Structure formats: structure tokens, C-alpha cells
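Everything below concerns the one structure shown next.
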Amino acid sequence: MTETRSKARHRRRRTALVVGLPLALTAAGTMAYGSVFGAFGEDARPLAAAAGPTWATEAADGFASVDALGQKGTYGGRNGRTVTVKTLADLEKYATAAEPYVIVVAGTIAVNPVGKEIKVASDKTIVGSGTSGHIVGGGFFLGSGVHNVIIRNLTIRDSYQGTWNDKDHDFDAIQMDGAHHVWIDHNDLRHMADGLIDSRKDTTYVTVSWNKLSQNNKTFGIGWTTNTTADLTIHHNWFRETEQRNPSTDNVAHAHLYNNFLEDVSGTDIASSYGNYARGNTRMVLENSYFQGMRNPVTKDATASLVQRGNVFSGTSGRNESGGTAFDPKAYYPYTLDKAADVPALLKSVTGPRSSIGSTATTKASAATTLTVAKDGSGQFTSVQKAVDAVPANNASRVIISVKPGTYRELVKVPSNKPHITIQGSGASRKDTVIVYNNASGTPKPGGGTYGTGGSATVAVEADDFQARNLTISNDFDEATHQSLDGHQAVALRTAADKVVLDGVIVTGDQDTLLLDTASKDRLGRVYVSNSYVIGNVDFIFGRATAVIDRSVITLKKRWNGTSAGYVTAPSTAAGRKGILIANSTVNGDVSDRSFYLGRPWHAGGDASLDPQTTVRNTTLSAAVKTTPWTDMSGFSWKDDRFAEYRNKGPGAGGASGDRPHLTDAQAADQEVADWLAGWTPGA
């Protein structure tokens, strides 16, 4: 399908993060695909419907559940036989059959010729076997009058023909022309020549839920008719690195979009043109969705009606519109909203194919356990640490600690045997939820002795796969009243773990604010900081971790006595590792011009084997940055280590020289965000 309306040009970025398959998490209370499909010894061997797995009897929610046009909801092929297929011939045989089938795709099926769309007849469930069901190079077509179809738990990918805005190849993952009662659920749809989903020609009573849609230009188009009759529900979908039609809804009578996550990641190869778009005479209700980094996140035509409720917009720009009156979705079907702040973590854990699949409620419960913290006693816990303590040791899946607005003056430690924890503020702003304490190096411990630098941290993270979102972590140690202490190192947040995500946070202090460490010198510790603020004055981003500060603001702060002098980074990188990368960010603050260094080498303990590294690239530097932005530390010359810039701008930027090295284009190509993260996609 090709649309004739003009679109914004595709903007290429140099290097893309590789998006892997969604995580396969086990859903409690359902039969695992492996145990079911292992019974089949040959292609397309039928299994009696009575002996089928529980998911074969599940029906859709949303508009696909509504009784209309002679169809009572959407339940696919549950009244027919269950067959497993491994070849294109068998898939086509059962998909086009007149009788109902539950068709299990138990492997990778390459479509020939490339771009072919397999015609699907009514009363079919096509479902992937765990995460192994892949349709490569083609997709599915549901023609006029086709109804009661479920497409679930599949990966449909890679019909892309090398032309981004492709006008010649109508190769969709799922195309529907005049169909009704269709449920598209828990699929991974990506990298197609045209649309991932096209719902055309009055296709109606459709629900699209829990899918991951990525790496595509024209992602999800709805309409292509002057009639205004279609009803669609689009909920809990993760749109990641998709340029346009996210979705575009043209002349849709009732478009209900809720709890979707639209994410445009800076530094990747695809840039968004727009997010949700109400076109023509569409009436749209848009609720509790999360928009991250999107350009023109919500747009509408003058003739359309669009009602927004409870959405979150983080790092977005351009058009964000609403207006008119729409409709009440609960007049058509029941539904329950998740909090918008919880949507990114939830969808990153749940969307796409799964090793086992159950009802929506079961899937959500298995994907992430949520513990609630509230100072007023309205939650399960009154302190963040108590919630961390309640997480069982060696937990295998994500636990979200949702912290209600308030100031929590406490020390928090996440021990190494409690991975997969997210601490997330539930307020409207990252300023609403604050975890704060005031220890410093030299502060007496309750049991005797004093804290060191690392021990002073307000929040200490030693567990892998940790996330902090939408909150402030602070150390408010008062240097002025503690001049008797030898040092004023006072850490707000210390991480000593791998795969740490800090998104939408404020980390604030004075000296040594953010310690990004590893569990040991020989261990890798990757940290990704995005859409955040880091505030301090002396060595306030430091440590031996492989750390990326991306799309964030680094705020320079005056010293306790009102003077301006300081250092942004102090890496202590091990040889052969990558250190600190500041990319696509801003360095500024209310300090004197030419008073701050970008960094200096920290050879912790005098260890000459270390090879500290800081790269600052594609970042706006205020006049506070010195014209010679690097300096020595404790007898170690910065020129013996790795300090460089690339394509910075602003009054603090400067040309290349012996005192201000710049990367060449070739060197910069190997120092991008994806290179730093070494195959890890944060949040995937």
C-alpha cells in the first residue's frame, strides 16, 4: 500500500542501536508452548480442539470484542482443529481453508516471492510457537468480509527492499481491506517495505494490543476511505524507531488509543515525523500513553476530534494537539487503564512474542510485580528501602517499586542478589519524588568509623539490570557547616552493576554526585543515562563504568563558598574498556565563564594501569567550559589517557589543538552510543 499524501523527509542518523527480540518471560497459569508443541513430530499434524492449550480459547478485548455485523466478538479458530506448520505451503493451506483452524507457526518460514501476503480466511487463529514463529519477507492479507481472525505471538519481519519511502513495493506485515473482528496481539512487527499494519477500506472492530512495532517508516495506517464507520482499539503497543503513521487514523468513527509507548531514541538511524494523528473526520480518545522524544507527538486535522487524558510527554517537541468532543469507550466495552508513568517499563517487559502467553491480566502480573511506597501509609511500604527489602533474593523478573510523591530522607541500598528492580516515581514530574540523605566521606557511622566516598551514597545500586525513572536522587550534605572534615565527597547515587538505566531522573549534589562504578576492576559495568539532569561541581560524574550520558543536561554548580571552579568528569577506566561518553547533551549552569574543566584522569589508588576515558560529542557547551577543557590529576597527565571531543557547539566549544583534541570522523564512527553499550539495548 502506498499513500499519495506528502510526508516529512526521512532524517538519517549515523548509527542505529540494534533492537533484539523482546524478552521471553513465562506467564503463570498458562500452558507453555514448548510442552504443547513438543508433541508434534511432523508438520501440520492436527491436535483435537478439546485437547488444545488454554490460549486457543481466549477472545479479544476492545472493539474486537463487540458483537456486531453478525459476529459475536473475536475468538479466531478455537472451534476448529489445532495444527502446527513449518512450511509456507502448509501455512497457506490452513490459512486459506474454509473451516476454522488454530495454526501454530513452529519455526521460521521464508515467504517466496518476497513481499507475498498470505491470504487469510475467516475463523482463524495464527499463533507463534513461543518466540520461534517467524514470517520473513512477507505477511498476511485479510480481504473484504474476512472476519474473526487472531494473529498472535509472531515475528513478522524483513520485506524491506532498500528504499526508505518505498512507493513501489506494497509489502505489509498485516494488511486488512474491508475485514472485521480482528485481534492483532503480542507480535513483533518490523523492517517491512511498506506498512507494519494497514487497516484499510472500512476495516472495523479491530483490537491491536501488546505488539512491538519498530524499524519502519510507514508503520500503522488506518483509513483510505471517505466513510467514517471504522471502530478500532489500540492499546499497550510499543512504537520504537518508527518515522510516521504511529498510527495515522483517517476517517475513523471511534479510535480508542490507550497505554501505548511511542519512543524515538536519539542517536539511532530513524527519526519520528509524528506520533498519533487524527485525520479527516476521526474521533479519537487518547489516554494514559507515554511519548518519549517524539516530534509532533499528537496531531489532528481541523475536522477531527481528539480528546486527551492522562498522557505523559518526555523530551517531545512540535505539535501536541487536542480539541472537540469524542466518545466514551466504556459505552462499548470495559477496560482498565495502567498509569502512564508505568507504561515504558511495563511495555518493554511485556510486548512482543512470549514463550508462554495468557490473558492480559496474567501477562501483566507475570511481567512485572509492582510494590507501592507512600509516606502517608497509603502504599504497601512507607520507605523505599523497606520495599527493596521485600524483593526476594535472586528474583528472576522485573519488580517495579512505584514511589508516590514526597521527600524520602533515607539511605537505599539495592544488593547484588536483587536484580531487575525499577525504582520509579509516580508523580507528574521527576521533582515530585525525592530520595535524599546527607552523608559524606568522613561522616561518622552509627556503629563506629566513618563513611568513605562510595559509602556516602544516598542510593547505592549493586544489582544488575537496575532502573531508576521519574524521580530525584540527592545528597544535600552541607559543606559550609562541615569544614572540619578532610573531604567533601558526598555521593547521591552510586552504581556498581551492569545494565543500569537512569531515565528521566535528577541526580544532584556538589562534589562526587554520580559515581558510576563496576562490581570489580575486571567486571563490565554499563550505564545508560537519558533525558536526565546531573548537577554538581567537582568530579561529579566519575568512576570506572562504561557510561553514556545521552540527551541530558549537565548542570554546573558553584562551590559552597560561592566560587566557580570545577570538573565535570573523573573517569577511572580500566585499560581496554570504554569510559564516559557524553552525547547529544547540554553542559551549562549559573557559574563564571571559563571556570570548569570537562574532565581529568582519576587513577584510583595511584593505579598506573588504568586508562581513563571521556568523550564529549554532539553536545552544547556553555561559556563556563575552559578553552583548554582537560587537566591533570594527582600527578597523572590527561595527555597520557583518552580525552576528546567531536562536533560540539555553543560558546564553550573550540577548535582542535594539542590542548584540545578532536576525534576524526573515522574515530567518531567507533565512539557512538551503540559502541559504548556493546550489544546491549537499554530497556529491551
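Position in the sequence shown counted from 1, then plus 172, gives you the working numbering.
Glycine included, C-beta positions come from ideal geometry on N, C-alpha and C.
All of these numbers come straight from a predicted model, not from anything done at the bench.
At a Cβ-Cβ threshold of 7 Å, L260 and I281 count as neighbours. Looking at the DSSP output, K390 sits in a beta bridge with Q416.
Per DSSP, D357 lies in no alpha helix (DSSP H) segment; the continuous beta strand (DSSP E) that holds it begins and ends at H352 to D357. Relative to the Cα of K729, the nearest Cα in the group D636, H775, Y739 and V720 belongs to Y739. When the alpha-carbon of V586 is set against those of H660, A612, P616 and T667, the nearest one is in T667. Secondary structure of D722 (DSSP, three-state): strand. By alpha-carbon distance to A691, the top candidate from N589, P618, Q655 and V725 is N589. A direct Cα-to-Cα measurement between G487 and T414 gives close to 16 Å. When DSSP reads this structure, S489 sits in a beta bridge with R467.
Apart from the 5 residues on each side of it in sequence, P854 sits with its Cβ closer than 6 Å to the Cβ of V673 and Y700 in its chain, given in chain order. Unbroken alpha helix (DSSP H) runs of no fewer than 4 residues, entirely contained in the region 319 to 353, are not found. By the Cβ rule, the region 257 to 275 does not count as touching the region 540 to 547, because fewer than three pairs are nearer than 8 Å. Following the DSSP letters along the chain, one finds K585 in no alpha helix (DSSP H) but inside the beta strand (DSSP E) bounded by residues V584 to V586.
Annotated three-state conformation of Y449 is strand, per DSSP.
Rounded to whole angstroms, the separation of the alpha carbons of W382 and R789 is 36 Å.
Here F235 carries a helix assignment [DSSP, helix/strand/coil]. Our two residues, V292 and G311, have alpha carbons roughly 10 Å apart in a direct line. Fully enclosed beta strand (DSSP E) runs of no fewer than 3 residues occupy 814 to 818 of the region 812 to 854, in order along the chain.
Of L753, S794 and L782, the smallest CA-CA separation from G761 is found for S794. Counting only residues of its own chain and dropping the five nearest sequence neighbours on each side, F553 has a CB closer than 6 Å to the CB of V545 and A559. DSSP lists M348 and I394 as the bridge partner or partners of S371. Taking C-beta atoms under 8 Å as the contact rule, G234 and H428 qualify, at a distance of about 7 Å. Only exposed fits A838, as fewer than 16 other CB atoms lie within 10 angstroms of its CB. Bounds of the alpha helix (DSSP H) holding A562 are V556 to A562.
Taken in chain order, the complete beta strand (DSSP E) segments of 3 residues or longer contained in the region 718 to 793 are 718 to 722, 725 to 728, 738 to 743, 752 to 755, 758 to 761, 768 to 771 and 785 to 789.
Around I356, the same chain offers I323, I346, I369, V380 and N383 as residues with beta carbons nearer than 7 Å, after the five sequence neighbours per side are excluded. Excluding sequence positions up to five before and after S237, its CB lies within less than 8 Å of the CB of A231, G245, T246, T379 and Y505, all in the same chain and listed in chain order. With fewer than 16 other Cβ atoms inside 10 Å of its own Cβ, T735 counts as exposed. Contact between the region 484 to 500 and the region 518 to 525 is absent: fewer than three C-beta pairs spanning the two stretches fall below 8 Å. Under the three-state reduction of DSSP, S692 is assigned to coil, being neither helix nor strand.
Residue pairing from DSSP places K472 in a beta bridge opposite A450. Put simply, of A664, R570, A632 and P618 the residue whose alpha carbon is nearest the alpha carbon of V608 is A664. By the CB criterion at 7 Å, N460 and L385 fall outside the cutoff. In the three-state scheme derived from DSSP, where H, G and I count as helix and E and B as strand, L519 is classed as helix. Inter-residue distance for T625 and S613 is about 5 Å (C-alpha atoms, whole angstroms). Residue burial annotation: N703 is buried, with at least 16 other C-beta atoms found within 10 angstroms of its C-beta.
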